[in-house]
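There are 2 protein chains.
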Amino acid sequence: MILEKKKAFSTFAVSKGLRSTRQRDIILDFFLSTHQHVSVEELYLKIKATHPGIGNATVYRTLKLFVEAGLAREILLHDGQTRYEHIMAGEHHDHLVCTGCNAIIEFEDETIEKLQNEIATRHGFMIRSHKLEIYGLCVNCRK
Amino acid sequence: MILEKKKAFSTFAVSKGLRSTRQRDIILDFFLSTHQHVSVEELYLKIKATHPGIGNATVYRTLKLFVEAGLAREILLHDGQTRYEHIMAGEHHDHLVCTGCNAIIEFEDETIEKLQNEIATRHGFMIRSHKLEIYGLCVNCRK
DNA sequence: CTGCTTTTGAAATTCATTTTCATTTGATGT
DNA sequence: ACATCAAATGAAAATGAATTTCAAAAGCAG
Numbered sequence: 002m003i004l005e006k007k008k009a010f011s012t013f014a015v016s017k018g019l020r021s022t023r024q025r026d027i028i029l030d031f032f033l034s035t036h037q038h039v040s041v042e043e044l045y046l047k048i049k050a051t052h053p054g055i056g057n058a059t060v061y062r063t064l065k066l067f068v069e070a071g072l073a074r075e076i077l078l079h080d081g082q083t084r085y086e087h088i089m090a091g092e093h094h095d096h097l098v099c100t101g102c103n104a105i106i107e108f109e110d111e112t113i114e115k116l117q118n119e120i121a122t123r124h125g126f127m128i129r130s131h132k133l134e135i136y137g138l139c140v141n142c143r144k
Numbered sequence: 002m003i004l005e006k007k008k009a010f011s012t013f014a015v016s017k018g019l020r021s022t023r024q025r026d027i028i029l030d031f032f033l034s035t036h037q038h039v040s041v042e043e044l045y046l047k048i049k050a051t052h053p054g055i056g057n058a059t060v061y062r063t064l065k066l067f068v069e070a071g072l073a074r075e076i077l078l079h080d081g082q083t084r085y086e087h088i089m090a091g092e093h094h095d096h097l098v099c100t101g102c103n104a105i106i107e108f109e110d111e112t113i114e115k116l117q118n119e120i121a122t123r124h125g126f127m128i129r130s131h132k133l134e135i136y137g138l139c140v141n142c143r144k
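Top to bottom, those sequences are chains X and Z. Going by my numbering, the first residue of the first sequence is number 2, and it counts up by one from there. Going by my numbering, the first residue of the second sequence is number 2, and it counts up by one from there.
So this is what it looks like as structure tokens:
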């Protein structure tokens, strides 16, 4: 899966006439190794630990490329940071977002998916993707 | 409806020990008179035209109060501005969004709501609001 | 290797939003 | 009506994420 994504990005880069650089390889590796929603800052700090030379502007620029290449998606939560998540084939997870501590709990519910499909069919709508975010307070923040 | 909202805000204000001020009245009037998603800047400029004395910090602060009071909701698009929309009683925020023509079809599904509650309970989460958007192509755009 | 172009890092900049703080104003008690 | 005192405001400064600038570095074709 990681290899596929690397190949996909490489293909994208070639088609766009982009150059293959050490930085982009590193950033892609780090991005692929994350499993949650990363903010640019978070990713940048992680990378910086082992690759101090890489600047945050490069990380910003590169993540945008990943979006263009179809590897990642920008998600906006309410913490003032743009986050990126992986685009997986057929993947559909949703989020519980805690407005107290900004924690994000992922979940997946097949029945909800099914209901969405039914609703779509009823309206003659062809689903491409969806976004479900539930806002509230997590266990800890409820006190 | 506008009156109800004014009353609702007034009730909220009293319960929170907030004072009733000219500025908050004006900002509430302007907010209630909008029909789409307003950004703070947009609302501020509108207000400024007839009430030059009001500062943008006050508009920012007041819109946050509206959210607290349950009159408004923050929505994040990808244009770098936080926008606010009205919360209507009994309204559920679910939309089929056509990526072809930008049409928005509203729907409501009790079962999905129920499932959301179950999921939340399972995670010890207390729901305050949610947002479900299904992206795809509407009947017309599918051709 | 040469020359040309893209990419990069660091710093500067932008822009929305938040905070600070001195001043004004609303509410409450007298 | 008046005094008091905390809350609210406006203006300006500060913050912080994201973007741009630009000189230097690196990729790539010949």
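Virtual Cβ for every residue (Gly too), placed ideally from N, Cα, C.
**OP:** Leaving out five residues on either side along the sequence, give the residues of the same chain with a beta carbon under 8 Å from the beta carbon of K7 (chain Z).
**Re:** L29, L33
**OP:** Would you tell me roughly how many angstroms separate the C-alpha atoms of E43 (chain Z) and K65 (chain X), rounded to the nearest one?
**Re:** 28 Å
**OP:** Just list the beta strand (DSSP E) runs in the stretch 42 to 120 of chain Z, keeping only unbroken ones of 3 residues or longer that don't cross its boundaries, in chain order.
**Re:** 73 to 77, 83 to 87, 95 to 99, 105 to 108
Original post:
Among X:I105, X:S130, X:T112, which residue has its Cα nearest to the Cα of H38 (chain X)?
Top reply: X:I105
Original post:
How is K144 (chain Z) classed by DSSP in three states: helix, strand or coil?
Top reply: coil
Subject >> Alpha-carbon spacing of L19 (chain Z) relative to D26 (chain Z), whole angstroms >> reply: 13 Å
**OP:** Pull out every residue of the stretch 122 to 137 of chain X whose Cβ sits closer than 9 Å to any Cβ of chain Z, in chain order.
**Re:** R123, H124, G125, F126, M127, I128, R129, S130, H131, K132, L133, E134, I135, Y136, G137
Subject >> Helix, strand or coil at R25 (chain Z) according to DSSP, with G and I counted as helix >> reply: helix
Subject >> Proximity test, Cβ basis, 8 Å: H52 (chain Z) and chain X >> reply: no
Original post:
Are N57 (chain X) and D80 (chain X) close, meaning C-beta to C-beta below 8 Å?
Top reply: no
Original post:
Does the Cβ of R23 (chain Z) have 16 or more other Cβ atoms within 10 Å, making it buried, or fewer, making it exposed?
Top reply: exposed
Original post:
Excluding the five sequence neighbours on either side, which residues of its own chain have a C-beta within less than 6 Å of the C-beta of L133 (chain Z), listed in chain order?
Top reply: D95
Subject >> chain Z residues whose Cβ lies nearer than 9 Å to that of R143 (chain X) >> reply: G125, F126, M127
Subject >> Among X:I48, X:V68, X:L97, X:H93, nearest to T83 (chain X) - alpha-carbon criterion >> reply: X:V68
Original post:
Per DSSP, M127 (chain Z) is paired with what?
Top reply: X:L138
**OP:** Look at the Cβ atom of H131 (chain X), then the Cβ atom of I135 (chain Z), and state whether they are nearer than 8 Å.
**Re:** yes
Original post:
Comparing the C-beta of E75 (chain Z) with each C-beta of chain X, is any distance below 8 Å?
Top reply: yes
**OP:** Using a Cβ-Cβ cut-off of 8 Å, state whether D80 (chain X) counts as contacting chain Z.
**Re:** no
Subject >> L72 (chain X) versus G137 (chain Z) - alpha carbon distance >> reply: 19 Å
**OP:** Please go through the same chain and pick out, in chain order, the residues whose beta-carbon is closer than 8 Å to the beta-carbon of M127 (chain X), but skip the five residues on each side of it.
**Re:** A121
**OP:** Please state if the CB of A90 (chain X) and the CB of F10 (chain X) are separated by a distance shorter than 8 Å.
**Re:** no
Subject >> is_contact[I113 (chain Z), chain X] using C-beta, thresh 8 Å >> reply: yes
Subject >> Y61 (chain Z) vs E75 (chain Z) beta-carbon contact at 8 Å >> reply: no
Original post:
Helix, strand or coil for L133 (chain Z) per DSSP?
Top reply: strand
Original post:
Which residues mark the beginning and the end of the alpha helix (DSSP H) in which T12 (chain Z) is found?
Top reply: 3 to 17
Original post:
Taking 8 Å as the CB-CB limit, is F13 (chain Z) close to chain X?
Top reply: no
Original post:
Smallest Cα separation from F31 (chain Z): which of Z:K47, Z:K17, Z:S21?
Top reply: Z:K47
Subject >> Alpha-carbon spacing of T12 (chain Z) relative to M2 (chain Z), whole angstroms >> reply: 15 Å
Subject >> Contact list for the stretch 94 to 112 of chain X against chain Z, Cβ threshold 9 Å >> reply: D95, L97, C99, T100, I106, F108, D110, T112
**OP:** Inspect the beta-carbon positions of T112 (chain Z) and L116 (chain X) and report whether they are closer than 8 Å.
**Re:** yes
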